[in-house]
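Visitor: Right, I'll just put the structure down here and ask away after.
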């Protein structure tokens with residue numbers, strides 16, 4: 191059985207489309223859907239109650255973030271597998287079945303991701319290598335649009351991620367220090383350290399509509415915080431210190447560019463990011 195876990199925060203219309211896609215295409219696989227609503231104010235919970243009575247609904251009184259939300263929902267899950275799905279996505283037919291089949295045939299794979307694409311079919315970044323000082327500073331890892339089949343990778347995107355529940359429980363779930371972003375990288379890092387593999391399957395497809403629960407400035411601030419904590423947790427003291435300096439320098443450079451070019455949004459975004467790590 192697959193327990194499909196979705197977190198939502200003020201994404202009512204996107205959530206409706208996401209749930210509709212799941213129930214319309216998921217066939218011949220026993221599954222349940224668990225929706226954790228992070229204190230939405232847009233009527234998301236009421237919509238789910240009225241239109242998707244089969245969904246297990248967990249209503250939070252405050253927004254606890256992605257990592258804690260998934261951990262909370264997983265305690266209700268009855269499935270052997272947990273499938274994490276963002277509320278601003280729509281799963282394509284056959285994808286869940288292909289993922290479960292791959293996991294059943296490859297017992298050393300602890301986490302499996304799939305291909306994310308926008309509504310126009312453009313491939314988005316759905317996996318990558320673990321952060322280094324260079325990648326944190328320049329973020330130049332490219333999306334391999336031609337990659338097909340199954341590949342072993344470092345990490346896969348938590349917005350579409352299939353996990354073995356037993357392994358998730360064994361590793362203590364997501365680290366709740368990560369409110370949102372980088373928790374998927376951290377979890378995959380721990381999965382690989384435990385001796386399991388992380389894989390990516392091109393035939394598992396999801397359309398990422400976007401315009402979900404966070405804006406760009408919020409995302410960048412949380413990513414900066416996440417990288418610093420990741421280095422503090424998994425790297426040595428020198429690398430941790432250097433990554434802090436690099437991110438401060440990166441933010442200051444972006445603020446300066448924003449001032450010189452009159453790009454107010456760029457300036458304000460990185461001012462927020464800078465203050466989030468000072």
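Residue numbers (the working numbering): 191 to 468. Even glycine gets a Cβ: it sits at the ideal position worked out from N, Cα and C.
Evaluate the contact criterion for the stretch 421 to 441 versus the stretch 237 to 248: three or more CB pairs, one atom per stretch, below 8 Å.
Guide: The answer is no - the stretch 237 to 248 does not touch the stretch 421 to 441, with fewer than three Cβ pairs under 8 Å.
Visitor: Which residue's Cα is closest to the Cα of residue 415: 464, 424 and 269?
Guide: Position 225 of the chain shown, counting from 1, holds the residue named residue 415. When each option's Cα is compared against that of residue 415, the closest is 464.
Visitor: Check the DSSP bridge columns for residue 318 and list the partner residues they point to.
Guide: Numbered from its first residue, the chain shown carries residue 318 at position 128. DSSP output for residue 318 lists 345 as bridge partner(s).
Visitor: Report the three-state DSSP secondary structure of residue 290 (helix, strand or coil).
Guide: Walking along the chain shown from the start, residue 290 turns up at place 100. Correct three-state label for residue 290: helix.
Visitor: Residue 442: buried (16+ other C-beta within 10 angstroms of its C-beta) or exposed?
Guide: Locating residue 442 in the chain shown gives position 252, counting from the first residue. Residue 442 comes out exposed.
Visitor: Distance check for residue 208 and residue 280, CA to CA, integer angstroms please.
Guide: Counting from one through the chain shown, the residue named residue 280 turns up at place 90. Counting from one through the chain shown, the residue named residue 208 turns up at place 18. Each residue's Cα considered, the two are about 5 Å apart.
Visitor: Please report the distance separating the alpha-carbon of residue 317 from that of residue 375.
Guide: For the purposes of this step, residue 317 is identified with residue 127 of the chain shown, where counting begins at 1. For the purposes of this step, residue 375 is identified with residue 185 of the chain shown, where counting begins at 1. Answer to the nearest angstrom: the Cα atoms are 9 Å apart.
Visitor: Just checking, does the stretch 365 to 372 make contact with the stretch 290 to 301 on the three C-beta pairs under 8 Å criterion?
Guide: The stretch 365 to 372, when compared against the stretch 290 to 301, does not touch it at the 8 Å Cβ threshold.
Visitor: Just how far apart, CA to CA, sit residue 314 and residue 450?
Guide: Taking the chain shown and counting its residues from 1, one reaches residue 314 at position 124. Taking the chain shown and counting its residues from 1, one reaches residue 450 at position 260. So the two alpha carbons sit approximately 31 Å from each other.
Visitor: Which residue comes first and which comes last in the alpha helix (DSSP H) that contains residue 431?
Guide: Here residue 431 corresponds to residue number 241 of the chain shown, with the count starting at 1. Element bounds for residue 431: 427 to 451.
Visitor: Out of 410, 265, 355 and 192, which one is the CA nearest neighbour of residue 219?
Guide: Stepping through the chain shown from its first residue, residue 219 is reached at position 29. Among 410, 265, 355 and 192, the Cα nearest to that of residue 219 belongs to 192.
Visitor: Just reading off the alpha helix (DSSP H) that residue 460 is part of, what are its end residues?
Guide: Within the chain shown, the letter at position 270 stands for residue 460. Taken as a continuous stretch (DSSP letters only), the alpha helix (DSSP H) holding residue 460 covers 454 to 467.
Visitor: Between residue 366 and residue 258, which are expected to be in contact by the criterion C-beta below 8 Å, what is the C-beta distance as a whole number of angstroms?
Guide: As a first step, residue 366 must be located in the chain shown, where it is residue number 176. As a first step, residue 258 must be located in the chain shown, where it is residue number 68. Confirmed, Cβ separation roughly 4 Å.
Visitor: Report all residues from its chain with a CB closer than 6 Å to the CB of residue 389; omit the five preceding and five following residues, and keep chain order.
Guide: On the chain shown, position 199 is the one that residue 389 refers to. Excluding positions up to five away in sequence, the list reads 299, 302, 340 and 342.
Visitor: Should residue 458 be labelled buried (16 or more other beta-carbon atoms within 10 Å of its own) or exposed?
Guide: By 1-based counting over the chain shown, the position of residue 458 is 268. Residue 458 comes out exposed.
Visitor: Answer with buried or exposed for residue 400, where buried requires no fewer than 16 other C-beta atoms within 10 angstroms of its C-beta.
Guide: Stepping through the chain shown from its first residue, residue 400 is reached at position 210. Exposed.
Visitor: Measure how close the beta-carbons of residue 353 and residue 380 come, nearest whole angstrom, since I'm counting them as under 8 Å.
Guide: Counting from 1 along the chain shown, the entry for residue 353 is found at position 163. Counting from 1 along the chain shown, the entry for residue 380 is found at position 190. At roughly 12 Å, the Cβ-Cβ gap does not stay under 8 Å, so residue 353 and residue 380 are not in contact.
Visitor: Tell me the residue span of the beta strand (DSSP E) that contains residue 193.
Guide: Walking along the chain shown from the start, residue 193 turns up at place 3. That run of the beta strand (DSSP E) goes 192 to 198.
Visitor: Report the partner residues of residue 283 according to the DSSP bridge assignment.
Guide: The residue you call residue 283 lines up with position 93 of the chain shown. Partner(s): none; residue 283 has no beta bridge.
Visitor: Pull up the CB-CB distance for residue 229 and residue 202, whole angstroms please, since I reckon it's below 8 Å.
Guide: For this step, residue 229 is matched to residue 39 along the chain shown. For this step, residue 202 is matched to residue 12 along the chain shown. No, residue 229 and residue 202 are not in contact; Cβ-Cβ is about 13 Å, not under 8 Å.
Visitor: Grouping DSSP H, G and I as helix and E and B as strand, with all else coil, what is residue 357?
Guide: Here residue 357 is taken as the residue at index 167 of the chain shown, counted from 1. Three-state result, residue 357: helix.
Visitor: Return the CA-CA distance between residue 434 and residue 445, expressed in angstroms with no decimal places.
Guide: Taking the first residue of the chain shown as 1, we reach residue 434 at position 244. Taking the first residue of the chain shown as 1, we reach residue 445 at position 255. Their Cα atoms are separated by approximately 17 Å.
Visitor: Note down, in chain order, each residue of its chain lying with its Cβ closer than 8 Å to the Cβ of residue 355, except the 5 sequence neighbours on either side.
Guide: Position 165 of the chain shown, counted from the start, is the residue given in the question as residue 355. Here the set comprises 193, 264, 267, 269, 270, 271 and 272.
Visitor: To the nearest angstrom, how far is the alpha carbon of residue 363 from that of residue 261?
Guide: Along the chain shown, read from residue 1 onward, the residue named residue 363 stands at position 173. Along the chain shown, read from residue 1 onward, the residue named residue 261 stands at position 71. Distance between the alpha carbons of residue 363 and residue 261: 6 Å.
Visitor: For residue 391, which residues does DSSP report across the bridge?
Guide: On the chain shown, residue 391 is found 201 positions in, with the first residue counted as 1. Answer is 304 and 340.
Visitor: Compute the beta-carbon to beta-carbon distance between residue 436 and residue 274, rounded to the nearest angstrom, for a pair I have assumed lies under 8 Å.
Guide: For the purposes of this step, residue 436 is taken as residue 246 along the chain shown, with counting starting at 1. For the purposes of this step, residue 274 is taken as residue 84 along the chain shown, with counting starting at 1. The Cβ separation is near 30 Å, so there is no contact.
Visitor: For the alpha helix (DSSP H) that contains residue 207, what are its first and last residues?
Guide: Here residue 207 corresponds to residue number 17 of the chain shown, with the count starting at 1. Counting along the chain, the alpha helix (DSSP H) containing residue 207 begins and ends at 202 to 215.
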